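Below: one structure, written as structure tokens.
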Amino acid sequence: GAGVSQSPRYKVAKRGQDVALRCDPISGHVSLFWYQQALGQGPEFLTYFQNEAQLDKSGLPSDRFFAERPEGSVSTLKIQRTQQEDSAVYLCASRPTLSPNQPQHFGDGTRLSIL
Amino acid sequence: DQQVKQNSPSLSVQEGRISILNCDYTNSMFDYFLWYKKYPAEGPTFLISISSIKDKNEDGRFTVFLNKSAKHLSLHIVPSQPGDSAVYFCAAGFYGGSQGNLIFGKGTKLSVKP
Chain A
1 GAGVSQSPRY
11 KVAKRGQDVA
21 LRCDPISGHV
31 SLFWYQQALG
41 QGPEFLTYFQ
51 NEAQLDKSGL
61 PSDRFFAERP
71 EGSVSTLKIQ
81 RTQQEDSAVY
91 LCASRPTLSP
101 NQPQHFGDGT
111 RLSIL
Chain B
1001 DQQVKQNSPS
1011 LSVQEGRISI
1021 LNCDYTNSMF
1031 DYFLWYKKYP
1041 AEGPTFLISI
1051 SSIKDKNEDG
1061 RFTVFLNKSA
1071 KHLSLHIVPS
1081 QPGDSAVYFC
1091 AAGFYGGSQG
1101 NLIFGKGTKL
1111 SVKP
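Residue numbers (this note's numbering), protein chains in the order written: chain A, 1 to 115; chain B, 1001 to 1114.
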């Protein structure tokens, strides 16, 4: 498809396990963002990539969260030693250029549940 | 503290009437604002945006108004249709810094009744 693709759509993990969430942005999009959306809240910024460079990771809640985009296309968000408060929908968005004037296009998210 | 606030969790309107969704913000340095629409189990979809130097932007049935002195913006949908029923998020951003990560409100759930 032509949109942002995220996998898996749903992930259930036990507390303490590591998880990896994948994002396939729209082909050719330079900018890539990760957001976390808790129940009843709006999306909250986690991290931003320009091509393969991670330019901003100020929103990552702890050092258990790690994101990468090694070839400037697919990105992976990894959460180590998951905790119950990590349960949320994780949204990925991409944007064609560096210009903030262009809107971000979101995927459908990965719903993460930590038991 | 929330920089972008949507104080109405829900709104119900009759089909064909106007829907007005409101958003307040606290940071006068925001450079632009956007509205996104979200259906259940889907990601947010971009609707319309407005630069901080403008006070109105229109796209079909959707119009966004910006009142900088009041730090308030609103989204008008005319006429409302049942397919407009969704959660609407207001978001704001800066041109500099992180190249455009967005700050979102909590959303308003719009129900348009036939």
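C-beta: ideal position from N, C-alpha, C; glycine also. From a predicted model like this one, the values you see are computed outputs, not experimental measurements.
Practice item. Could you pull out every residue in the same chain whose Cβ sits closer than 8 angstroms to the Cβ of residue 51 of chain A, ignoring the five residues on either side in sequence? Key: Position 51 of the first sequence, counting from 1, holds the residue named residue 51 of chain A. Answer for residue 51 of chain A: 30, 69 and 72, listed in chain order.
Exercise for review: State buried or exposed for residue 95 of chain A, treating a residue as buried only when at least 16 other CB atoms are found within 10 Å of its CB.
Suggested key: Sequence index remark: in the first sequence, residue 95 of chain A carries index 95 (1-based). Residue 95 of chain A should be labelled buried.
Check your understanding: In this structure, does DSSP put residue 84 of chain A in helix, strand or coil?
Key -> By 1-based counting over the first sequence, the position of residue 84 of chain A is 84. Three-state result, residue 84 of chain A: helix.
Review point. What does residue 91 of chain A touch in chain B if you count any residue whose Cβ is under 8 angstroms from its own?
Key: Here the question's residue 91 of chain A lines up with position 91 in the first sequence. From the beta-carbon of residue 91 of chain A, the residues of chain B found nearer than 8 angstroms are 1043 and 1044.
Exercise for review: Give me the Cβ distance between residue 106 of chain A and residue 1044 of chain B, rounded to the nearest whole Å; I'm assuming they're in contact under 8 angstroms.
Suggested key: Taking the first sequence and counting its residues from 1, the one referred to as residue 106 of chain A is at position 106. Taking the second sequence and counting its residues from 1, the one referred to as residue 1044 of chain B is at position 44. Between residue 106 of chain A and residue 1044 of chain B, the beta carbon gap of about 5 angstroms places them in contact (Cβ cut-off 8 angstroms).
Review point. My guess is that residue 1031 of chain B and residue 1072 of chain B are in contact by the Cβ rule of under 8 angstroms, so how many angstroms apart are they, rounded?
Key: Within the second sequence, residue 1031 of chain B is the residue found at index 31, counting from 1. Within the second sequence, residue 1072 of chain B is the residue found at index 72, counting from 1. The C-beta distance from residue 1031 of chain B to residue 1072 of chain B rounds to 16 angstroms, too long to meet the 8 angstroms contact threshold.
Practice item. Starting from residue 1015 of chain B, follow the beta strand (DSSP E) in both directions and report where the run begins and ends. Key: For the purposes of this step, residue 1015 of chain B is taken as the residue at position 15 of the second sequence. Element bounds for residue 1015 of chain B: n/a, residue is neither H nor E.
Practice item. Spell out the partners DSSP gives residue 1053 of chain B in its beta bridges. Key: For this step, residue 1053 of chain B is matched to residue 53 along the second sequence. Under the DSSP definition of a beta bridge, residue 1053 of chain B lacks any partner.
Practice item. With a 10 Å radius around its C-beta and 16 neighbouring C-beta atoms as the bar for buried, classify residue 37 of chain A as buried or exposed. Key: Position 37 of the first sequence holds residue 37 of chain A. Classified as buried, residue 37 of chain A has 16 or more neighbouring CB atoms from the shown chains inside 10 Å of its CB.
**Study point:** Between the CA atoms of residue 109 of chain A and residue 6 of chain A - distance to the nearest angstrom
**Key:** Taking the first residue of the first sequence as 1, we reach residue 6 of chain A at position 6. Taking the first residue of the first sequence as 1, we reach residue 109 of chain A at position 109. Cα-Cα distance, rounded: 6 angstroms.
Point to revise | Residue closest to residue 49 of chain A, alpha-carbon to alpha-carbon, out of A/76, A/43 and A/41 | key: Here the question's residue 49 of chain A lines up with position 49 in the first sequence. Residue 49 of chain A has its Cα closest to that of A/76, out of A/76, A/43 and A/41.
**Study point:** Own chain residues within Cβ distance below 6 angstroms of residue 1092 of chain B, not counting five before or after
**Key:** Position 92 of the second sequence, counted from the start, is the residue given in the question as residue 1092 of chain B. Result list for residue 1092 of chain B: 1004, 1025, 1030, 1033 and 1103, in chain order.
Exercise for review: Could you tell me the boundaries of the beta strand (DSSP E) in which residue 36 of chain A lies?
Suggested key: As a working mapping, residue 36 of chain A is identified with position 36 in the first sequence. From DSSP, the beta strand (DSSP E) with residue 36 of chain A extends over 31–37.
Check your understanding: Straight-line CA distance for residue 1040 of chain B to residue 1086 of chain B?
Key -> Taking the second sequence and counting its residues from 1, the one referred to as residue 1040 of chain B is at position 40. Taking the second sequence and counting its residues from 1, the one referred to as residue 1086 of chain B is at position 86. Within the model, the alpha-carbon separation for residue 1040 of chain B versus residue 1086 of chain B is close to 8 angstroms.
Check your understanding: By the criterion of Cβ-Cβ separation under 9 angstroms, what are the contact partners of residue 41 of chain A in chain B?
Key -> Here the question's residue 41 of chain A lines up with position 41 in the first sequence. For a Cβ distance threshold of 9 angstroms, residue set 1104, 1106 and 1107 of chain B lies close to residue 41 of chain A, ordered along the chain.
**Study point:** Close Cβ partners of residue 104 of chain A (< 8 angstroms) along its chain, the five nearest in sequence each way excluded
**Key:** One-based indexing of the first sequence puts residue 104 of chain A at position 104. So the list reads 31, 33, 93, 94 and 95, once near-sequence residues are dropped.
**Study point:** Selection of the stretch 1055–1072 of chain B by Cβ proximity to chain A, strictly under 8 angstroms
**Key:** Cβ contacts with chain A come from no residue of the stretch 1055–1072 of chain B.
Review point. Quick one: which chain A residues come within Cβ less than 7 angstroms of residue 1093 of chain B?
Key: Taking the first residue of the second sequence as position 1, residue 1093 of chain B is located at position 93. Around residue 1093 of chain B, the beta-carbon contacts reaching into chain A at under 7 angstroms are 100.
Review point. Between the stretch 1022–1035 of chain B and chain A, which residues of the former have CB atoms less than 8 angstroms from a CB of the latter, in chain order?
Key: Those residues of the stretch 1022–1035 of chain B that come within reach of chain A (Cβ to Cβ, closer than 8 angstroms) are 1031, 1032 and 1034.
Exercise for review: Decide if residue 89 of chain A is buried, meaning its Cβ has at least 16 other Cβ atoms within 10 Å, or exposed.
Suggested key: Numbered from its first residue, the first sequence carries residue 89 of chain A at position 89. Buried.
Review point. In chain B, which residues lie less than 7 angstroms from residue 103 of chain A when you measure between Cβ atoms?
Key: Within the first sequence, numbered from 1, the residue matching residue 103 of chain A stands at position 103. Contacts between residue 103 of chain A and chain B, judged by CB atoms closer than 7 angstroms, involve 1034, 1046 and 1049 in chain order.
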